[in-house]
Amino acid sequence: MGVAGPAGPVMDRDEVDRALARLGAEHEAIETSLLALQDHAGRRLLEGARLTGTTEERWASAEQEITLLWAYFDAYADALRTAREVRSRRRLPSRGDLVELTELLRGESVTIAPGPVLEGAGGTSPSITGPAKLSEQFTLAALVDRMNALYASSLDMVVAADAVWSALPARIDMLAAELARTRQLAHSVGVRPGEHPAGDDLERITGSLTLLREEVVSDPLTYWRRTAGSSAPGGGRPDTTAYDREARALEDVRREIEAVLGVRQDAEARLGRLRDVLSRADRTLAEARSARGEVLAKIAGSDVPAVSGPPTALQEQLAKAAEYRRHGQWNRLSPLLESLESKAEEELLRARTELTAVTAPLAVRAELRGRLDAYKAKVARLGFAEDPFLVERYDAARRMLWSAPCDLRAADAAVLRYQRAAVDALSAPADRTARGES
């Protein structure tokens, strides 16, 4: 390495060749990226669209950035070509060649002619700080950094707009088609604006969707939300808040209209199912009350919960629903049936829960009986059925479990003693024998 100059220490031949190879690779990568940006579907759409608002402002800036980016790239390519020409003069470059190459590769050797100066590109706005610079000097490394910044900013805008256009208009059109079908269904059941709240809602949703699509097409960036902490181009997602709100509103209206239609078509069947569910709930509660008496008689010391009475309030509402059906009051019948169906299922679930809670002690006793008999069968299978010690323990547990009232705690302890005795007998017969003799 030679004496330092304005661009730093003079590079040797190997350093020059490595730098040219690296800069050549960067040139190819930048060119590929620029051509991809030029052909990007989002950029072509932005060029041909009638833009408004935020998107119009940002696209005007992005167009200037892209123009400046190509100007920077041309200057970079010219500087690289000049450096390659100097290097190709001789196989072994002279001292003067190396000094010239060092200045070209490391010094501020690139001059950018006057052109649009952008705040986003790191330039100086003449309206804020005074006259614009006549030209700018860059090193090749600094020029690459500047191009990267311009490319990231331009690509971010293009990708964001394209993502919104790819996601939202098609979804809005699908929702509009669903809206049209819902309007036809509403008309068939007499749901019209001014006559039914659902008809008014359909009118509002129609206007909102029309306006939403116009805004999405002309100003897509208004519906773009950047991901917090992301610096990557296009780091974000389309904002579907407005679309989701209208989709939910339409779904609510559609369900209401279909409910009215469904009520008219199968009101009697739904009323029959309601009567059946409430009847099952009533029978389950009656079974729970009967089981509670059995538990109190057969299980000692059990804290058995009380059982509630039959669902008389729901029966009254069911009678009102039948009256609505007789008089063709579908708008009133629809919400009442939905409420009753939900409450009836809840009532049946509550009755089953009460039955389970009441019969829990009987279930515990059955589980202990099953465990006791399972261990007895295992002991018999392994040849210990006549063992006096095990027979004594089994009989004690069995008397507790098959007596009334049954003390579950004592019975559980007796079953556990039999299990332990059986395990001891099967794992250490000699120890068991010694313990029995003692």
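Residues 466 to 903 (the numbering used here) make up the sequence shown, in order.
Even glycine gets a Cβ: it sits at the ideal position worked out from N, Cα and C.
Residue i classed as buried or exposed, judged by whether at least 16 other C-beta atoms fall within 10 angstroms
{"i": "Gly507", "result": "buried"}
{"i": "Glu568", "result": "buried"}
{"i": "Ser807", "result": "exposed"}
{"i": "Ser619", "result": "buried"}
{"i": "Gly595", "result": "Caution applies to Gly595, whose pLDDT of 42 falls short of 50 and renders its modelled position unreliable; the value that the coordinates give is listed next. With fewer than 16 other Cβ atoms within 10 Å, it is exposed."}
{"i": "Arg483", "result": "exposed"}
{"i": "Ser553", "result": "exposed"}
Neighbourhood of residue i by C-beta, 7 angstroms cutoff - its chain only, sequence neighbours within 5 removed
{"i": "Asp666", "result": "Ala714, Val718"}
{"i": "Glu573", "result": "Gln602, Phe603, Thr604"}
{"i": "Tyr688", "result": "Val629, Leu633, Val681, Pro703, Asp704"}
{"i": "Phe641", "result": "Correcting the residue identity first, residue 641 is Ala in this sequence and not Phe. Hits under 7 angstroms: Leu674."}
{"i": "Thr671", "result": "Leu644"}
Supposed close pair residue i, residue j - CB separation, criterion 8 angstroms
{"i": "Leu548", "j": "Leu485", "result": "Rather than Leu, the amino acid found at residue 548 in this sequence is Ala. Their Cβ separation, rounded to whole angstroms, is 6 angstroms, which keeps Ala548 and Leu485 in contact under 8 angstroms."}
{"i": "Thr519", "j": "Leu686", "result": "5 angstroms"}
{"i": "Leu605", "j": "Ala544", "result": "6 angstroms"}
{"i": "Leu833", "j": "Leu866", "result": "6 angstroms"}
{"i": "Leu906", "j": "Tyr708", "result": "Beyond the ends of the chain as shown, which are 466 and 903, falls residue 906; an answer cannot be given."}
{"i": "Arg735", "j": "Leu802", "result": "6 angstroms"}
{"i": "Glu711", "j": "Leu674", "result": "6 angstroms"}
{"i": "Ala876", "j": "Tyr840", "result": "With 8 angstroms as the limit, Ala876 and Tyr840 do not qualify as a contact, their Cβ atoms being about 14 angstroms apart."}
{"i": "Val481", "j": "Leu563", "result": "7 angstroms"}
{"i": "Val725", "j": "Val654", "result": "5 angstroms"}
{"i": "Leu805", "j": "Leu739", "result": "6 angstroms"}
Which residues DSSP lists as bridging residue i, in chain order
{"i": "Arg702", "result": "Arg690"}
{"i": "Pro770", "result": "Paired residue(s): none; Pro770 is not in a bridge."}
{"i": "Pro826", "result": "Paired residues: none, contrary to the question."}
{"i": "Leu603", "result": "The identity of residue 603 in the sequence shown is Phe, whereas the question assumes Leu. BP columns for Phe603 point to Val575."}
{"i": "Pro775", "result": "DSSP, once it has assigned bridges, lists no residue as partnering Pro775."}
{"i": "Ile764", "result": "Cys871"}
Neighbour flag for residue i against chain B, beta carbons, 8 angstroms
{"i": "Ala486", "result": "Among the chains of the structure shown, chain B does not appear; only one protein chain is present."}
Close-in-space but distant-in-sequence residues of the same chain around residue i (CB under 6 angstroms, 5 per side omitted)
{"i": "Val742", "result": "Ala809, Leu813"}
{"i": "Ser592", "result": "Reliability of the predicted coordinates at Ser592 is poor, the pLDDT of 36 falling under 50, and the value obtained from them is presented with this limitation in mind. Nothing meets the Cβ criterion."}
{"i": "Ala753", "result": "Val772, Glu819, Leu820, Val823"}
{"i": "Arg797", "result": "Tyr789"}
Distance between residue j and residue i (C-alpha atoms, nearest Å)
{"i": "Glu530", "j": "Val623", "result": "12 angstroms"}
{"i": "Ala617", "j": "Gly727", "result": "55 angstroms"}
{"i": "Arg487", "j": "Asn613", "result": "16 angstroms"}
{"i": "Val551", "j": "Ile577", "result": "21 angstroms"}
{"i": "Ile722", "j": "Arg669", "result": "16 angstroms"}
{"i": "Ala494", "j": "Leu534", "result": "14 angstroms"}
{"i": "Asp477", "j": "Gly489", "result": "18 angstroms"}
{"i": "Arg858", "j": "Arg830", "result": "17 angstroms"}
{"i": "Leu499", "j": "Arg560", "result": "37 angstroms"}
{"i": "Pro775", "j": "Ala787", "result": "20 angstroms"}
{"i": "Asp860", "j": "Arg757", "result": "28 angstroms"}
{"i": "Glu426", "j": "Leu779", "result": "Not covered by the structure: residue 426. The range shown for the chain is 466 to 903."}
{"i": "Arg874", "j": "Phe849", "result": "27 angstroms"}
{"i": "Ser590", "j": "Leu566", "result": "Low per-residue confidence applies at Ser590: pLDDT is 40, beneath 50, and the placement is therefore not dependable enough to give any value."}
{"i": "Arg555", "j": "Asp627", "result": "50 angstroms"}
{"i": "Leu511", "j": "Asp621", "result": "13 angstroms"}
{"i": "Leu855", "j": "Ala879", "result": "12 angstroms"}
{"i": "Asp610", "j": "Pro662", "result": "60 angstroms"}
{"i": "Arg882", "j": "Asp889", "result": "11 angstroms"}
{"i": "Arg515", "j": "Ala693", "result": "29 angstroms"}
{"i": "His492", "j": "Thr706", "result": "42 angstroms"}
{"i": "Asp872", "j": "Ile764", "result": "6 angstroms"}
Same chain, Cβ closer than 8 angstroms to residue i, neighbours up to 5 away in sequence not counted
{"i": "Val760", "result": "Ser767, Val769, Val823, Thr824, Pro826, Leu827"}
{"i": "Phe538", "result": "Ile495, Glu496, Leu499, Met612"}
{"i": "Thr647", "result": "Leu667, Leu715, Val718, Arg719, Ile722"}
{"i": "Ser600", "result": "Thr576, Ile577, Ala578, Pro579"}
Proximity test, residue i beta-carbon vs the ligand FMN heavy atom, cut-off 7 angstroms
{"i": "Ala869", "result": "Inclusion of the ligand FMN in the displayed structure is not the case, the ligand content being empty and no account of it being possible."}
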